[in-house]
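Heads up, the thing below is written out as structure tokens.
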Amino acid sequence: MKKRLFCFAIYSIPLALFAQTPALTGLSPQQNAIAVPATAAVSATFSQPMQSGGKIGIHSRQSGQLGGAATTAGNTLTVQPSRKFAPGEVVTVTVPAGLPSTNGTASTTGFVYEFTAAAEDGTGTYAPYYKVTAGETPSVMAVADVDADGDLDLLAGRSSSTTTNSITVALNEGDGAFTRSFTVSTTSSTRGINVADLNQDGSPDMVVTSSEQPYVTALLNDGQGRFGAATPLPITAFTRSTKAADVDGDGDTDLLVITSESFSATSQLVTILKNNGRGGFSTSSSVQMKLAGFSDLDILLADADEDGDIDFLASSGINYRPEFWLNDGRGNFSAGTSFFFSPYSFRLFKAIDVDKDGDLDYLLGTGSAPGTISLFRNNGGGKFAPEQKVAAIDNMQTLDTGDVDGDGDLDFVVSGNNALLVYHNDGTGQFSRGASLPADASGHSVLLADLDQDLDLDIVALQQTIGTAFKLFRNINRSTGPALRVMGTRPAPNGLYVPVQGALQVTFNQPLSQASATRSSVKLLGQRVSQAQVPGTVTDSVLTLRPTVPFSAGEQVSMTVTTAARSSRNAPLLAPLVYQFTAATQPGPGTFTGGTQLDAAGLYGLGARKTYVSAADLNGDGYLDLISDGPNVSFNLGNADFGPTNSLGAGADMTRAEDVDQDGDLDLVSSRTADPAFSVAGYVRVLLNDGKGRFTNGTATYIGREARSIATGDLNGDGYPDAVLIGDFASLSVALNRGDGIFDWMSSVPTSNNITSLALADLDNDGDLDVAAATGNGLNFFLNNGRGQFSAAPNSPQALTKAATRIITADLDNDGDVDLVTIAESVCVYRNNGRGEFTLNASFPITRSGFLAPEGVTTGDVDGDGDLDLLMAGGSTGGRVQLRLNNGQGQFSAATELLLSTASFPMMSGVALADLDKDGDLDMAVADFGFGGVHVRLNQAAAFTLTGFAPRSGPVGTTVTLTGTKLDEVTTILLNGTKVVAFTLVTPTALELTVPAGATTGPITLLAAGGTTSSTQPFTVTSLTANRQAHPGSVSIYPNPVRGAFTITVQNPAADFRTSRAELVDNTGKVLAQLTPVATAHPGTIAFSAPAQVPGLYILRLYTVDGVVTKRLTVH
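When you line the sequence shown up against the numbering used here, it's residues 1 to 1116, in that order.
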């Protein structure tokens, strides 16, 4: 306490009463003290002995009025607070007037002052942030212990709302984990939140400022975090902000409210609302300030003249100068001095003792570019040294001060463009830049507070413009030892053949905390089966999870180890870990013969062309349902029996299934190129699931450009599924999930080439998900910095000779890193060297047919041997897909073609492998772009078999004998896609077919109700022999011409020339009659009878074993 305080006390007391009236002579802790111990007592010493029973008011900004036992010893009155001071918090002490001495007189003057509690154990180094949901579009925040459990909770208010006006309160579990939250209704939107104990009951209440009526309201806390209804306070003008302090020295919290006639008014008022001690307020006085031009006025509360009352500093007074307004001790203010500030106006200010000399210095910051923070050092008596610039950051948003590194002086953190900057004080007011933490371009609100009760100051950040969640940065503590790190996982990253049910483990470098935040720090994201929060168990340094819901066979699962994990000494995890693995499948025959042929007129209806299909359990019944363009959903009724299509809209380019709101069911996230209702280009559409497969519209996120495709995954390590989209083909748009299913568009990453397809995977094995993109002339790779911010990889783009249209990622050679598969004119496999560098490993032809040739490729363990096989579809392969089996080293077998459709113009496009009948192996769903619909085939042996055929070659008309089992079930036969018109069942194990006209070399395919099977070897279609082609006259017919009904005889001297059937065709090619053969007695001849025809020229078409022979025939 400074000498000037003594002078103030002496001169304020009449000399006649000096001996009798007690004067304040000392304080502990001292005024403006910093690093005050958490258990310190508060005392006031007077000039004479004091009576017992006197009270000193102690007010914590974070937890309310602090009671405690008061004792008197001689001249000193002492209060031991009932609770510890929170690290770094500012405490206000009121020594009231009227305290009695032992001689019966009382003190005539009160004294109000502040000090700062110690924050001892910080290093000023911060772990990567983790997020806590802050409700809908939050813009302002505060911290307080609202439920009186000894830890600090988070409060967030909305400057605007699309639903209801409210404040979200996130409750702290004591270790910085916020797993519970609730909302408090307000009467209007929230412009500011002040926390203070308004009714002196020991609980922090709220004062809410709004830009609409009622402008200022009070919400009283019942002591357990339950807030009463908002009570309007007597303010009727447009309100800019509200401050709370004891301005009249009576021990309760009063309010200073900044108002103006309108938002752009240049004359503003500071209205003082005095508290009656019970949280009731009345207007006491007001101070009018003229501004030089429009300025958004704010005020800073501090005892500027150190006379024991709270004054304020106005941010922009006349001539743009910061201006002091001095308190007379009773809450009446008058203009004081001002000082020159070179940027003319400022938006940030703090009053702290930077050099530990006991008086308040001032940090002032401007938000303009270039932004600066200037220090005005107090030399005592309110005289300031020349301005000293200590920091520079553009677009400064907020500033907070505290001892972040535990060295006993006050540092500061400031938010601005794309960063939160930490500045360290050397104890003399000289600042050096420390950590730079990630922030969004629009800036953040920022606060310092000890959220995890480890006696250091953590950082709370909230995006200022549109709001997301709270971002929490843990201060790495001195006493916690080394930072926590992940040493290994089971399964390993990109692991294959992981049991569908069993334990998952994460091993750390040191023993773990048993707190709930650590046990719940690992999040699972399943894209086929929803994985709700799965708490783990801790054994020494190992965290074990046992999911209660089995994975689906072949499902890719994403696992995030979040920074909520803590060591037993409370050390935080330095960086999150995100990785993927694939659930095991049971051995399957890989023949895909079961299932039902579905087309546009069948199960999926609508007749729309399909470009993609995926599978997920949307209604929680344990069976995988199908999702296709639209999005359309067809529910699996069990055993791959699908119900009718449910259309959930139109216009979605791609849809993914993810539990975006963390409620235990799979929602749908779609990309759309435009919103026709609002003429807005490009957005993310969210459909929220009620758990039973019933969907309602969630909040759409507009990205300002066309959104043509979407991939989902945890991009920033917070355990929530985020999204990357193709925007206008020429950029990537990143949208991060707040945790409640609302996505915020964060950034766009420009690309040098048009993107046609993208995939998410950890390309460089650094524990986060990167982007692999197929483009017009190459492969582009974008590496993640772990926070959802992407930059082009050094080896990007990787040139290709042809444009790639699809890209997927998978570990094809079982080496623990992800490889690439692309489609250009061929399906190409690129092998990863483990550092995100790729070389071409294999190429498989797959014919395209021009611009109407979408195609698909996917991977899955079709045969259950522990490696990933390839399933491919291409435009002009007709109604077929190709399967290539992996030998475990990324080498693939020859293609097995599987026929799916015999309809005209089929074109297989998107393909998916999933266990649709729940038998443990992977079945097939294929989107048909040409004919429309989705085709399903089950991975099971055919009910019938084709074991062989003979002969292996021959021309059109050849009789081929097939052998097998249950051939009596066959309904259709195709020879390389050409339908066989004539076939005859000989026995259930044998049938005969005739090679049809137009057939080409290829496999023989049998179709039946139970599925499809094809020969492993092709039948070769030959042509007429050269000799017979050279002598067509060797085949003759007679008579020619003919009249009426007639019999025609075909003669050929070659004994091996056999004619099986004949047709009569007119000159347009129309078949008029199938001619009936008639026996003859002459070798080398065969006769056909024909009905009468009108006179004219006809064609007699003869089908022989060597091909088709045509002869002209005239009818008179």
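Positions of the beta carbon are idealized from the N, C-alpha and C atoms, including for glycine.
Asked, Found
"For VAL561 and PRO576, believed in contact at Cβ under 8 Å, the rounded distance", "6 Å"
"GLY850, buried or exposed, once every other Cβ within 10 Å from all chains shown has been counted against 16", "Here GLY850 scores only 39 on pLDDT, less than 50, and its place in the model should not be relied on; the value that follows carries that caveat. Exposed, by the Cβ-count rule."
"Where the alpha helix (DSSP H) through THR518 begins and ends", "516-519"
"Proximity of THR701 and ASP667 at Cβ, strictly below 8 Å", "no"
"Rounded C-alpha distance that separates ARG672 from ILE627", "16 Å"
"C-alpha distance - SER43 paired with THR109, whole-angstrom precision", "16 Å"
"DSSP-derived helix/strand/coil call for ARG478", "helix"
"LYS350 - partner residues in DSSP beta bridges", "LEU363"
"Residue from LEU812, HIS1116 and PHE838 whose Cα sits closest to the Cα of GLN891", "LEU812"
"Limits of the unbroken beta strand (DSSP E) element including HIS59", "57-60"
"ASP968 (DSSP reduced to helix, strand or coil)", "helix"
"Helix, strand or coil at TYR193 [DSSP, three-state]", "Looking at the sequence provided, one finds Ile at residue 193 rather than Tyr. ILE193: strand per DSSP, three-state reduction."
"Close beta carbons around ARG180, own chain, < 6 Å, minus the five adjacent residues each side", "LEU171"
"Inter-residue spacing [alpha-carbon to alpha-carbon] between ALA119 and PHE473", "16 Å"
"Collapsed DSSP secondary structure at GLN889 in the structure displayed", "coil"
"Given LEU448 as reference, the closest of ALA142, SER188, PRO234 and GLY622 once Cα atoms are compared", "ALA142"
"Beta strand (DSSP E) segments (min. 3 residues) lying fully within the segment 714-786", "722-727, 731-737, 743-750, 755-761, 770-775 and 778-784"
"Cα-Cα separation, VAL1115 to THR1049", "15 Å"
"Exposed unless 16 or more other CB atoms sit within 10 angstroms - verdict on ALA230", "buried"
"Alpha helix (DSSP H) runs contained entirely in the segment 121-160, provided each spans 4 or more residues", "none"
"Backbone CA spacing between ASP452 and VAL578 [nearest angstrom]", "24 Å"
"Length of the line joining the Cα atoms of ARG806 and ALA912", "14 Å"
"Spatially closest choice to VAL897 from LEU967, MET907, VAL881 and GLY910, by CA coordinates", "Here residue 897 turns out to be Glu, not Val, going by the sequence shown. Ranking LEU967, MET907, VAL881 and GLY910 by Cα distance to GLU897 puts VAL881 first."
"Residue burial classification, GLN1074 (beta-carbon count within 10 angstroms, cutoff 16)", "exposed"
"Interface flag, THR1114 vs chain C, CB-CB below 8 Å", "Checking the listed chains, one finds no chain C in this structure; it contains a single protein chain."
"Per-residue burial, LEU1143 [other beta carbons within 10 Å of its own, 16 or more giving buried]", "Limits of the chain in this structure are 1 at one end and 1116 at the other, which puts residue 1143 out of reach."
"Alpha-carbon to alpha-carbon, LEU758 and ALA1008", "38 Å"
"Selection from VAL995, PRO1041, THR1013 and TYR1038 that minimises the alpha carbon distance to PHE1019", "VAL995"
"Uninterrupted beta strand (DSSP E) stretches inside the segment 524-565 (no shorter than 3 residues)", "537-539, 542-545 and 556-561"
"C-alpha distance - GLY638 paired with VAL146, whole-angstrom precision", "50 Å"
"PHE324, DSSP secondary structure in three states", "strand"
"Cβ contact check for the segment 759-775 and the segment 816-829: 3 or more pairs under 8 Å", "yes"
"Nearest-angstrom Cα separation, counted from SER282 out to ASN276", "8 Å"
"LEU1097, buried or exposed, once every other Cβ within 10 Å from all chains shown has been counted against 16", "exposed"
"Where the beta strand (DSSP E) through LYS383 begins and ends", "Counting along the chain, LYS383 falls outside any beta strand (DSSP E), and DSSP gives it neither H nor E."
"Cross-strand partners of MET924 (DSSP beta bridge)", "LEU913 and ARG937"
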